[in-house]
Amino acid sequence: MPAPIDAKGVFTICPTPFDDALKVDTESIKSLVDFLLDTGITGLAILGFLGELHKLSNAERRLVTETFVKHTKGRVPVWVGVRAHGITGAIEQAQEAQDAGAAAVFAAPLDNAGDALLFDYYKAVADAVKIPVVIHDFPDSFGTEIRPEVVARLGKEGGVHMIKMEEPPVGPKISRIRELAGDDAMKIFGGLGGMFFLEELQRGAVGTMTGFAYPEVLVEIYNRFAAGDEVGAAAVFDRYCPLIRYEFQPKLGLALRKHVYQQRGAIKSSAIRSPGMRADALTIKELEATIARVGLSVNARGRQAVKA
Numbered sequence: 005m006p007a008p009i010d011a012k013g014v015f016t017i018c019p020t021p022f023d024d025a026l027k028v029d030t031e032s033i034k035s036l037v038d039f040l041l042d043t044g045i046t047g048l049a050i051l052g053f054l055g056e057l058h059k060l061s062n063a064e065r066r067l068v069t070e071t072f073v074k075h076t077k078g079r080v081p082v083w084v085g086v087r088a089h090g091i092t093g094a095i096e097q098a099q100e101a102q103d104a105g106a107a108a109v110f111a112a113p114l115d116n117a118g119d120a121l122l123f124d125y126y127k128a129v130a131d132a133v134k135i136p137v138v139i140h141d142f143p144d145s146f147g148t149e150i151r152p153e154v155v156a157r158l159g160k161e162g163g164v165h166m167i168k169m170e171e172p173p174v175g176p177k178i179s180r181i182r183e184l185a186g187d188d189a190m191k192i193f194g195g196l197g198g199m200f201f202l203e204e205l206q207r208g209a210v211g212t213m214t215g216f217a218y219p220e221v222l223v224e225i226y227n228r229f230a231a232g233d234e235v236g237a238a239a240v241f242d243r244y245c246p247l248i249r250y251e252f253q254p255k256l257g258l259a260l261r262k263h264v265y266q267q268r269g270a271i272k273s274s275a276i277r278s279p280g281m282r283a284d285a286l287t288i289k290e291l292e293a294t295i296a297r298v299g300l301s302v303n304a305r306g307r308q309a310v311k312a
C-alpha cells in the first residue's frame with residue numbers, strides 16, 4: 005500500500021495536444037512540457053477531464069503518458085488520470101501509468117457509486133500499485149459525490165492520502181475533511197480553475213491542480229502564501245481573478261485554454277475532439293481583452309511577469 009504522499013504547490017492539468025487532423029501531437033506534448041516547466045510549476049497532471057482522456061483510444065492513452073513522462077525526465081512529478089467504468093479497468097490504467105513512470109495517479113470515482121463501493125474502489129486501486137493514488141472529486145463532471153466521511157476513512161484505512169477536491173462550496177468541505185481525517189492522513193489540493201485558490205489555501209489546502217493557461221500566476225500566489233505573505237498572495241489573486249473567472253467557463257474552458265497555449269507557442273494547434281464546444285470569434289476577442297486588462301499578453305512567449 006502506498007505511503008502518504010508529500011506533494012504541494014501548483015500542478016498544471018495539461019490538455020492533450022492534437023494536430024489539425026485530430027491526431028495526438030507528440031511534438032506539441034514536448035513543447036508544452038518545456039513551456040510549463042519554465043513557468044515554475046511543481047508538477048504536471050495529464051489525462052484528466054481537461055486532457056480529453058475519454059476521447060482517446062487505449063493506445064493513444066499509453067502514447068500520451070509515455071511521451072509526457074519521457075520528455076519530463078523526472079524534472080517534476082507527472083501524475084496520470086484514471087477513469088474507468090469498473091475496478092478492474094481502473095486498476096489496469098493505474099498499473100499502466102505506474103509502468104510508464106508516473107509518480108502518482110488521480111482517479112475519478114465510479115459512476116453513481118455509494119459510500120461502501122467508493123471506499124472499496126479506491127482501496128483496491130491503492131492496493132494494486134506502489135505509487136500514490138489521489139482521489140479526483142469533481143461531482144459536476146463525474147456525477148458522483150464523495151462525502152468527507154468516505155475521504156477521511158480512505159485516509160485512515162484505505163491507503164489513499166490525497167484528494168483533488170472540486171466540489172463547491174469548497175471551503176466547508178475542505179474544513180470538514182481536515183476535521184475528520186487530520187492533515188497527516190489526507191492532504192487536499194484545490195482545482196476549479198483556480199477560482200477559489202486563495203480561500204483553499206486559507207482553509208488548509210496544500211496547493212492546486214488545475215489547467216489555468218497562465219500557471220505562473222498561480223505559482224506566484226502559492227509562493228507568496230507559503231512564505232507567509234498572505235496579503236501579497238491576495239493582491240495577486242485579486243488582480244488576475246477576472247481572467248481566472250473568464251477562462252474557467254463550463255463547456256468552453258478547454259477551447260479557451262488551448263487557444264491561449266497555441267498563441268503562447270506551447271502547442272501548434274488548438275484543435276479539440278468531439279464532443280467539445282469550440283469558441284467563436286467574439287468569445288476569443290473577449291478572452292484576449294480580459295488577458296490584456298489584467299496586464300498579460302496572449303502572444304508573448306515564455307514565462308510572463310506577475311504583479312500584485
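Quick note on numbering: the sequence shown equals residues 5 to 312 in the numbering used here. Note that the Cβ used here is the ideal one computed from N, Cα and C, for glycine as well. On a predicted model such as this, the values are computed, not experimentally measured, just so you know.
(message) With a threshold of 8 Å on Cβ separation, who are the neighbours of arginine 151 within its own chain once the five nearest residues in sequence on each side are excluded?
(response) Numbered from its first residue, the sequence shown carries residue 151 at position 147. Counting only Cβ-Cβ distances below 8 Å, and skipping sequence neighbours, we find Asp119.
(request) Identify whether threonine 92 lies in helix, strand or coil by the three-state DSSP scheme. (result) Residue mapping note: residue 92 aligns to position 88 of the sequence shown, counting from 1. In the structure shown, threonine 92 sits in a helix (DSSP, three-state: H, G or I).
(request) State the Cα-Cα distance for the pair lysine 315 and aspartate 242, rounded to the nearest angstrom. (result) Any answer about residue 315 is impossible in this case: the structure gives the chain only from 5 up to 312.
(message) How far does the alpha helix (DSSP H) with glycine 186 in it extend, from its first residue to its last?
(response) Taking the first residue of the sequence shown as 1, we reach residue 186 at position 182. Note, glycine 186: alpha helix (DSSP H), 174 to 189.
(message) Am I right that aspartate 24 and alanine 270 are in contact with their C-beta atoms under 8 Å? What's the rounded C-beta distance?
(response) Looking up residue 24 in the sequence shown gives position 20. Looking up residue 270 in the sequence shown gives position 266. Incorrect: roughly 16 Å between the Cβ atoms, too far for contact.
(request) Pick out whichever of Gly147, Leu26, Val133, Ala304 has its Cα sitting closest to the Cα of tyrosine 218. (result) Numbered from 1 along the sequence shown, position 214 holds the residue referred to as residue 218. Minimum Cα distance to tyrosine 218 is reached at Ala304.
(request) For threonine 43, name the three-state secondary structure that DSSP assigns. (result) Sequence index remark: in the sequence shown, residue 43 carries index 39 (1-based). If DSSP states are grouped into helix, strand and coil, threonine 43 belongs with coil.
(request) For valine 221, name the three-state secondary structure that DSSP assigns. (result) Here residue 221 refers to the residue found at position 217 when the sequence shown is read from its first residue. Correct three-state label for valine 221: helix.
(request) Leaving out five residues on either side along the sequence, give the residues of the same chain with a beta carbon under 6 Å from the beta carbon of arginine 182. (result) Against the sequence shown, residue 182 aligns to sequence position 178. Once the five neighbours on either side are set aside, the close Cβ partners of arginine 182 are Gly208.
(request) Between the Cα of isoleucine 295 and those of Arg282, Met281, Ser273, Arg268, spot the shortest distance and give me the residue it belongs to. (result) Taking the sequence shown and counting its residues from 1, the one referred to as residue 295 is at position 291. Nearest C-alpha to isoleucine 295: Arg268.
(message) Just to confirm the assignment, what range does the alpha helix (DSSP H) spanning aspartate 242 have?
(response) Here residue 242 corresponds to residue number 238 of the sequence shown, with the count starting at 1. Aspartate 242 -> alpha helix (DSSP H) spans 234 to 251.
(message) Under 8 Å: do the segment 82 to 94 and the segment 125 to 138 share three or more Cβ pairs, one atom per stretch?
(response) yes
(request) With a cut-off of 8 Å on the beta carbons, I'd call valine 302 and leucine 247 a contact; round off their distance for me. (result) Start at 1 with the first residue of the sequence shown, and residue 302 comes out as number 298. Start at 1 with the first residue of the sequence shown, and residue 247 comes out as number 243. That pair is no contact at about 10 Å.
(request) Sort Leu54, Pro81, Thr76, Ile192 by Cα distance to glycine 280 and report the nearest one. (result) For the purposes of this step, residue 280 is identified with residue 276 of the sequence shown, where counting begins at 1. It is Leu54.
(message) Assess contact between the segment 169 to 186 and the segment 138 to 148, defined as three or more Cβ pairs (one per stretch) separated by less than 8 Å. Is contact present?
(response) yes
(request) Measure the alpha-carbon distance for glycine 52 versus threonine 69 and round it to whole angstroms. (result) Taking the first residue of the sequence shown as 1, we reach residue 52 at position 48. Taking the first residue of the sequence shown as 1, we reach residue 69 at position 65. The alpha-carbon atoms of glycine 52 and threonine 69 are separated by roughly 11 Å.
(message) Am I right that alanine 111 and valine 86 are in contact with their C-beta atoms under 8 Å? What's the rounded C-beta distance?
(response) Residue numbering aside, residue 111 sits at position 107 when the sequence shown is read from its first letter. Residue numbering aside, residue 86 sits at position 82 when the sequence shown is read from its first letter. With a Cβ gap of about 4 Å, alanine 111 and valine 86 count as contacting.
(message) Between the alpha carbons of glutamate 234 and glutamate 224, how many angstroms are there, rounded?
(response) On the sequence shown, position 230 is the one that residue 234 refers to. On the sequence shown, position 220 is the one that residue 224 refers to. When rounded, the distance between both Cα atoms is 11 Å.
(request) Decide yes or no for the touch test of the segment 25 to 37 against the segment 56 to 75: beta carbon pairs closer than 8 Å, at least 3 of them. (result) yes
(request) Indicate the three-state DSSP secondary structure (helix, strand or coil) for histidine 315 in the structure shown. (result) Because the chain spans 5 through 312 in this model, residue 315 falls outside it and cannot be assessed.
(request) Closer than 7 Å by C-beta to valine 84: which residues in its own chain qualify, once you throw out the five before and the five after it? Chain order, please. (result) Along the sequence shown, read from residue 1 onward, the residue named residue 84 stands at position 80. Closer than 7 Å at the Cβ level, and outside the excluded window around valine 84, lie Ile50, Leu51, Thr69, Ala101, Ala106, Val109.
(message) Using C-beta distances below 7 Å, list every residue in its chain close to glutamine 99, excluding the 5 sequence neighbours before and after it, in chain order.
(response) Residue 99 sits at position 95 when you count from the first residue of the sequence shown. Excluding positions up to five away in sequence, the list reads Ala132, Val133.
(request) Determine the DSSP secondary structure at alanine 49, reduced to helix, strand or coil. (result) Walking along the sequence shown from the start, residue 49 turns up at place 45. Strand, per DSSP.
(request) Using alpha carbons as the reference points, say which of Arg249, Phe201, Arg79, Leu260 lies closest to alanine 230. (result) Working through the sequence shown from its first residue, we reach residue 230 at position 226. Cα-wise, what sits closest to alanine 230 is Phe201.
(message) Helix, strand or coil for isoleucine 295? Go by DSSP, reduced to three states.
(response) One-based indexing of the sequence shown puts residue 295 at position 291. Helix at isoleucine 295.
(message) So if DSSP puts aspartate 23 in a beta bridge, which residue, or which two residues, is it bridged to?
(response) Within the sequence shown, the letter at position 19 stands for residue 23. Answer by DSSP bridge pairing: none, since aspartate 23 is not bridged.
(message) Excluding the 5 residues flanking tyrosine 244 on each side, which residues of the same chain have their C-beta closer than 7 Å to its C-beta?
(response) Here residue 244 corresponds to residue number 240 of the sequence shown, with the count starting at 1. For tyrosine 244, where only same-chain residues beyond five positions count, the Cβ hits under 7 Å are Val221, Val298.
(message) Using C-beta distances below 8 Å, list every residue in its chain close to aspartate 115, excluding the 5 sequence neighbours before and after it, in chain order.
(response) Position 111 of the sequence shown, counted from the start, is the residue given in the question as residue 115. Correct list, in chain order: His89, Phe146, Gly147, Thr148.
(message) Is it buried or exposed, alanine 309, if we count other Cβ atoms within 10 angstroms and call 16 or more buried?
(response) Here residue 309 refers to the residue found at position 305 when the sequence shown is read from its first residue. Label assigned to alanine 309: exposed.
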